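Chains as they are written, first to last, in the working numbering: chain U, 6 to 299; chain F, 15 to 317. Since the structure comes first, as structure tokens, the remarks are kept for the end.
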Amino acid sequence: MNKNLQILKNKPNNWKAARGLLREYREKQQRNSYEIMKYGLPLIKKNSKRLSKEELFEVMEQVFLAGLDVNLEESNALLLKLQKQFPKSLRVTKLSGLFEEAMGHWKNAQIIYQSILKDNPSDQIAQKRLVCISKAQGNTKLTIQNLNKYLSHFQGDTEAWEELLDLYLSQQCYSKALFCCEELILAEPDNYQHHYQIANIYYTIGKRSDLIKARQYYAHSIKLLEEQNLKSFYGLYLTTNKLKTLFSRNLNQSETQINEQLLQFAKDKIKKFYLQKEDNNTKTTVLELLEIDN
Amino acid sequence: MRLDPQIRDWVLFPIVIIVFLVSVIRHYLFSIIPSKKPAVDKDTQREQQLLIRSNRICKNANMISKRSLISRQPFFLDETNGELNQDSKQKPLAMSMMFDPSMMTNMMKGSMGNMIPQVVLGQLISYLFKGFLVVKLPFFLPARFKTMLQQGIGLSSLDSSFVSSLSWYFMVYFGLSGIISLLFQAKDAIAHSYFSPIKEQKRQIQVPRPTPAPAPTPSLGNMGGTDKKDTLRNEKENWKMIDHFFDIQNSELELIGKPVNQEKVEKKQTTNKAKNPKKIKPQNKKIKPTTPKNKKRNTKKKK
């Protein structure tokens, strides 16, 4: 566990550890709202003199953002303080937009972001938040439209492609989801999760050529990461099994051989993984099921 | 030959302290004077992102199927509507930088802010600490440097590695800039926020540069004003260089220990035997039964 966090669990009043913890979270941009609120709020209220002025406002912003998840009243108080200190600041305006969103006042939030865009038409964050508002309202169709418009402008934004992928999957538009997932792979080719995701989509579509592609992408995901990637082994097992049972007529001899070998490989690995574990229900069930197919 | 301890105490160390203090004061002064970030034009932004995406596709084209690659081509390469066949709408930066008032303050801060204190201090130091040698450089310099490095001293026969206080000032100035940037970078590192991701922060940290060149303003593209229109068209080269081979199909073969697919095996063989004729790249994933001969002869282990 985090060193600072350990200190804080024993001595919750240690302001040095609190400051160090918040700095770490800021650097890594982690969203541990509960902890930030728990240790950051006393830092602001009691120990504000220990922080330099610049850092004090950074911490206030950080605790404000944490409060949007955990404690809206405190966030409100912090927002008022920040607005008093920086009256015409773009950054604080964005924070106030976030606050309106957290409160659920969609129209107010939209007005704020659109006024930001009037003065700064190329502001990326305001445009993104507008898409988030339509998503928060639950309007998937509109969100997809807005997100597509956003992406036609900001084509390199990986986060946005991920979001679009999720939206398409929720609407079961698999071919479009495939396109988004490919964008993710092109952006981050070493990330095993994107390969796993695209393999899932190919498996779901389920035609013969798609199953073969799914098998190859599962294999690639395994190649990138073997240790904690049991889900890819499951995927490989399921795909090879499906090919064997449903499409055995459509595969020629060498293909069947490869398929069989991959099936065996996946089975062995899954067995090996569960044999290492302690005995429990899952283990016995999985081992039994693997034997049945023999 | 020893340095007079009085020179050491009253010249060497004071110069170091002066340079350090001036850099610190300048850093704080600059952070007080507000400087607007240059407003990024919407079209420029879109084109930058377009280029980033196009670059990514060309770089990692082997990770997606050929059909997916082809489906992306019309968007970029279509004759009339393709993005890479349009004129670039980026405004030529050199001209607009001169006349845009917010950029003016940035440029002023950058070039003048570095040059003026440097020149002023240099003059001051050569006036105050005139007429004696301060440092012996450990390396040998040709005689031409004497006029530059031994400013107040008239001895023409003196070894040119003995230098005056002005050159010590320059050495300290360039040397301390690294240390100072470390100090202020540590300070700026405290300010990471939701709105300024870490990569952007690193670009924006103002490092006091010792050279009189303008300080790094965030670059919005090429500085050459002539071929602005063709920034997008130049990207087409990357697309021509794509040699697509679906690498993913080899991963499953690697997992079960089979020799990998045809093209890669041949690339290895051509280094040994120049006799191999050029073969067509495999178009789809169907493994052709014509290859077993090659595979049988090829006893090299492939991992």
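Idealized CB from N, CA, C, for every residue including glycine. Fair warning: this is a prediction, and the values are worked out from it, not measured in the lab.
| Check | Outcome |
| --- | --- |
| Three-way DSSP call (helix, strand, coil) for leucine 83/F in this model | helix |
| Distance, lysine 274/U Cα to leucine 267/U Cα | 11 Å |
| Best match in Asn76/U, Gly102/U and Val75/U for proximity to glutamine 88/U [C-alpha to C-alpha] | Gly102/U |
| Inter-stretch contact at 8 Å, needing at least 3 Cβ pairs: the region 194–211 of chain U / the region 242–259 of chain F | no |
| Counted within 10 angstroms of its Cβ, other Cβ atoms place histidine 110/U as buried (16 or more) or exposed | exposed |
| Any C-beta of chain U under 9 Å from that of serine 82/F | yes |
| Beta-bridge pairing of leucine 13/U - partner residues as DSSP gives them | Looking at the DSSP assignment, leucine 13/U forms no beta bridge with any residue, so it has no partner. |
| 9 Å Cβ cutoff, arginine 220/U in contact with chain F | yes |
| The region 262–286 of chain U: positions lying closer than 8 Å to chain F by Cβ | Ile263, Gln266, Leu267 and Phe270 |
| Proximal residues of chain U, C-beta to C-beta of aspartate 55/F below 8 Å | Ser127 |
| Classification of glutamine 199/F by the beta-carbon crowding that lies within 10 angstroms, buried from 16 upward | exposed |
| The alpha helix (DSSP H) enclosing phenylalanine 34/F, as first and last residue numbers | 27–46 |
| Residues that DSSP places opposite leucine 147/F in a beta bridge | Ser178/F |
| Reduced DSSP category for aspartate 18/F - H, G, I as helix; E, B as strand; rest coil | coil |
| Local Cβ density within 10 Å of lysine 33/U, reported as buried at 16 or more and exposed below that | exposed |
| Own chain residues within Cβ distance below 7 Å of threonine 198/U, not counting five before or after | According to the sequence as given, residue 198/U is glutamine; it is not threonine. Taken in chain order, the list of residues that qualify is empty. |
| Unbroken stretches of the alpha helix (DSSP H), 4 residues or longer, contained in the region 116–176 of chain U | 129–141, 145–158 and 163–175 |
| Contact set between alanine 192/U and chain F, taken where Cβ atoms lie within less than 7 Å | Arg70 |
| Neighbour flag for leucine 381/U against chain F, beta carbons, 9 Å | Only positions 6 to 299 of chain U appear in this structure, which leaves residue 381/U out of reach. |
| CB contact below 9 Å: glutamate 188/U versus chain F | yes |
| Short CB-CB distance (under 9 Å) between alanine 23/U and chain F | no |
| Status (buried if at least 16 other CB within 10 Å, exposed otherwise) for tyrosine 42/F | exposed |
| Span separating the alpha-carbon of serine 80/U from that of asparagine 286/U | 46 Å |
| Test item: CB-CB of serine 85/F and lysine 228/U under 9 Å | no |
| Within-9 Å CB hit, leucine 267/F to chain U | yes |
| Neighbour list for serine 102/F in chain U, Cβ cutoff strictly below 9 Å | Going along chain U, no residue has its Cβ under 9 Å from serine 102/F, so there is no contact; the nearest lies around 15 Å. |
| Residue closest to leucine 73/U, alpha-carbon to alpha-carbon, out of Gln177/U, Ile41/U, Arg55/U and Cys178/U | Ile41/U |
| Helix, strand or coil at phenylalanine 184/U according to DSSP, with G and I counted as helix | helix |
| Cβ of glycine 161/U within 9 Å of any chain F Cβ | yes |
| Phenylalanine 176/F versus glycine 127/F: straight-line alpha-carbon distance, rounded | 31 Å |
| Length of the line joining the Cα atoms of methionine 155/F and serine 181/F | The question names methionine, but residue 155/F in the sequence shown is leucine. Answer to the nearest angstrom: the Cα atoms are 13 Å apart. |
| Chain-ordered residues of the region 81–105 of chain U with a beta carbon less than 7 Å from chain F | Arg96 and Lys99 |
| Assigned secondary structure, lysine 33/U (DSSP; H/G/I helix, E/B strand, else coil) | helix |
| Closer than 9 Å to chain F by CB, isoleucine 227/U | yes |
| Rounded Cβ spacing between lysine 236/U and tyrosine 201/U (contact assumed at less than 8 Å) | 7 Å |
| Range covered by the alpha helix (DSSP H) that runs through alanine 224/U | 213–229 |
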